[in-house]
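Per the numbering used here, residue 5 is the first one in the sequence shown, and the count goes up by one each step. No residue lacks a Cβ here, since even glycine has one placed at the ideal position from N, Cα and C. A quick write-up on the structure given underneath.
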Amino acid sequence: MWFEWSFRTIYTLLLLFCHTVSANTEIINFVPSAEHTVDLPTPAVGNWPKLTFANNEQRWLLQPAALHTPLHQVCEMKDENASGNTLSCPHELWVTLDLDDQNWASYATFTLRLSWAASTPADFLIEIYSPETVLTRLSRWQQISLEPEKVNARSSQSSKERSTTTTRVKYARIRVVDAGVLTPYVPLAHHHHHHHNDAPAILAVDCAPIPFILVLEQLYWGVLPASLLPTVYFLIPVLLAAALAVPWVVAYLDTFVQQAREDLNRKASLGKKGG
Numbered sequence: 005m006w007f008e009w010s011f012r013t014i015y016t017l018l019l020l021f022c023h024t025v026s027a028n029t030e031i032i033n034f035v036p037s038a039e040h041t042v043d044l045p046t047p048a049v050g051n052w053p054k055l056t057f058a059n060n061e062q063r064w065l066l067q068p069a070a071l072h073t074p075l076h077q078v079c080e081m082k083d084e085n086a087s088g089n090t091l092s093c094p095h096e097l098w099v100t101l102d103l104d105d106q107n108w109a110s111y112a113t114f115t116l117r118l119s120w121a122a123s124t125p126a127d128f129l130i131e132i133y134s135p136e137t138v139l140t141r142l143s144r145w146q147q148i149s150l151e152p153e154k155v156n157a158r159s160s161q162s163s164k165e166r167s168t169t170t171t172r173v174k175y176a177r178i179r180v181v182d183a184g185v186l187t188p189y190v191p192l193a194h195h196h197h198h199h200h201n202d203a204p205a206i207l208a209v210d211c212a213p214i215p216f217i218l219v220l221e222q223l224y225w226g227v228l229p230a231s232l233l234p235t236v237y238f239l240i241p242v243l244l245a246a247a248l249a250v251p252w253v254v255a256y257l258d259t260f261v262q263q264a265r266e267d268l269n270r271k272a273s274l275g276k277k278g279g
């Protein structure tokens, strides 16, 4: 009876800890090494949202790219000399990761976790950029509203400051693609007019913006996210108590095992006498 009650108790606790799978997650772990400070142009990056120690979690909406679009081709220009602003693409989001906060100074590894509803078919890609890489991208695609002379002047000024100023600030680039399964409706009356050439038009159907949550946090010992630390602290005494209870449970059950063996031996001996 005691064992049955204990089993039910443990089973109930497991149900409480096993959360229902209701979200998809994309995670990237990275080591933000200190690099030379780069003076990025404010017109290009000044409006990017920021994750900090005090505000390390935010929610956004992002329009997914068309179905079957390769993730690495989303918001990329084929012609480097083409005009247009790739940093304002509706299918991507740039986020500043401010890791220079003193509360994060002693941590070497961080994780960026993106979660969205499991009922929303989408594929996300997260990439981490250094300030130097962002500047190179801005220069290559000419995605700044400043004259080339000012761009070169800023680059030269940044080069002079590199010897004395460093930063751990990084930039996250998030892209999303629709991953749904199309079931196009074709009226029977017009079925004979449907041709293969209609497929691109069907694939180009706009999807609703996808809501997602982005969380930036440090990793303890390089593997444990900060948000899971309270859970670990709670589980440690529970596991220790369970480990201490195992010998007592085994000893308790052993009495029933011995009694069952004695009953079997008694029945076997009676059977031999009767035979």
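Would the beta-carbon of Q222 fall within 7 Å of that of F114?
Locating residue 222 in the sequence shown gives position 218, where the first residue counts as 1. Locating residue 114 in the sequence shown gives position 110, where the first residue counts as 1. Result yes, Cβ atoms of Q222 and F114 sit closer than 7 Å.
Just verifying my parser: in three-state terms, what is the DSSP assignment at V78?
Within the sequence shown, the letter at position 74 stands for residue 78. Residue state, collapsed to three classes: coil.
Please say whether E96 and R179 have beta carbons closer to each other than 7 Å?
Along the sequence shown, one-based indexing puts residue 179 at 175. Along the sequence shown, one-based indexing puts residue 96 at 92. In contact: R179 and E96 (Cβ atoms closer than 7 Å).
Using a Cβ-Cβ cutoff of less than 6 Å, which residues in the same chain neighbour S119 once the five nearest sequence positions on both sides are dropped?
Looking up residue 119 in the sequence shown gives position 115. A27, T29, I217.
Which whole-angstrom value describes the C-beta separation of V185 and T73, a residue pair presumed to lie in contact below a C-beta threshold of 8 Å?
Looking up residue 185 in the sequence shown gives position 181. Looking up residue 73 in the sequence shown gives position 69. Their Cβ separation, rounded to whole angstroms, is 15 Å, which puts V185 and T73 out of contact at 8 Å.
Pull up the distance between the alpha-carbon of L71 and that of S231, whole angstroms please.
Here residue 71 is taken as the residue at index 67 of the sequence shown, counted from 1. Here residue 231 is taken as the residue at index 227 of the sequence shown, counted from 1. One C-alpha to the other measures close to 34 Å.
Identify every residue that forms a DSSP beta bridge with Q62.
For the purposes of this step, residue 62 is identified with residue 58 of the sequence shown, where counting begins at 1. DSSP, once it has assigned bridges, lists L218 as partnering Q62.
Tell me which residue opens and which closes the beta strand (DSSP E) that A112 is part of.
On the sequence shown, position 108 is the one that residue 112 refers to. Element bounds for A112: n/a, residue is neither H nor E.
Check whether the stretch 47 to 65 touches the stretch 96 to 108, counting contact only when three or more Cβ pairs, one atom from each stretch, lie closer than 8 Å.
yes
Go ahead and label A176 buried or exposed: buried means 16 or more other beta carbons lie within 10 angstroms of its beta carbon, across all protein chains shown.
Counted from its first residue, the sequence shown places residue 176 at position 172. Result: buried.
In or out: V42 buried (at least 16 other Cβ within 10 Å) or exposed?
As a working note, residue 42 is residue 38 in the sequence shown. With 16 or more other CB atoms across the displayed protein chains lying within 10 angstroms of its CB, V42 is buried.
Taking only the alpha-carbon atoms, compute the straight-line gap between V49 and V78 and give it to the nearest angstrom.
Within the sequence shown, residue 49 is the residue found at index 45, counting from 1. Within the sequence shown, residue 78 is the residue found at index 74, counting from 1. Those two C-alpha atoms are separated by around 19 Å.
When you compare only the Cα positions, how much space is there between E136 and R144?
Taking the sequence shown and counting its residues from 1, one reaches residue 136 at position 132. Taking the sequence shown and counting its residues from 1, one reaches residue 144 at position 140. Near 12 Å, if we compare the C-alpha coordinates of R144 and E136.
Rounded to whole angstroms, what's the CA-CA distance from R117 to L268? Just pull it up for me.
Taking the first residue of the sequence shown as 1, we reach residue 117 at position 113. Taking the first residue of the sequence shown as 1, we reach residue 268 at position 264. Roughly 59 Å between the two C-alpha positions.
Name the one or two DSSP bridge partners that Y256 has.
Taking the sequence shown and counting its residues from 1, one reaches residue 256 at position 252. The partner list for Y256 (beta bridge, DSSP) is empty, contrary to what the question assumes.
Check each candidate in L44, W52, Q62 and name the one with the smallest Cα separation from C93.
In the sequence shown, the residue the question calls residue 93 occupies position 89. Measuring from the Cα of C93, the nearest candidate turns out to be W52.
Below 7 Å CB to CB, which residues in the same chain sit around L220 once its five sequence neighbours on both sides are set aside?
Counted from its first residue, the sequence shown places residue 220 at position 216. If we look at L220 and ignore the five residues flanking it on each side, its Cβ neighbours are L55, N60, L101, F114, L116.
Bridge partners for L244 per DSSP, in chain order?
By one-based count along the sequence shown, residue 244 stands at place 240. None; L244 has no bridge partner.
Would you say L66 and I214 are within 7 Å of each other, going by their C-beta atoms?
The residue given as residue 66 occupies position 62 in the sequence shown. The residue given as residue 214 occupies position 210 in the sequence shown. Result yes, Cβ atoms of L66 and I214 sit closer than 7 Å.
DSSP on R177, reduced to helix/strand/coil?
Against the sequence shown, residue 177 aligns to sequence position 173. Strand at R177.
Whole-angstrom Cβ separation of A112 and V35, contact assumed at under 8 Å?
One-based indexing of the sequence shown puts residue 112 at position 108. One-based indexing of the sequence shown puts residue 35 at position 31. About 6 Å; that satisfies the 8 Å criterion.
Select from N33, R265, H40, F128 the residue whose C-alpha is nearest the C-alpha of T169.
Against the sequence shown, residue 169 aligns to sequence position 165. The shortest Cα separation from T169 among N33, R265, H40, F128 belongs to H40.
What's the gap between the Cα of L150 and the Cα of W98?
For the purposes of this step, residue 150 is taken as the residue at position 146 of the sequence shown. For the purposes of this step, residue 98 is taken as the residue at position 94 of the sequence shown. Unreliable placement is indicated for L150, whose pLDDT of 46 sits below 50; the coordinate value is still reported in the next sentence. Within the model, the alpha-carbon separation for L150 versus W98 is close to 20 Å.
Inspect the beta-carbon positions of R172 and A69 and report whether they are closer than 7 Å.
As a first step, residue 172 is located in the sequence shown; it is residue number 168 there, counting from the start. As a first step, residue 69 is located in the sequence shown; it is residue number 65 there, counting from the start. The beta carbons of R172 and A69 sit no closer together than 7 Å.
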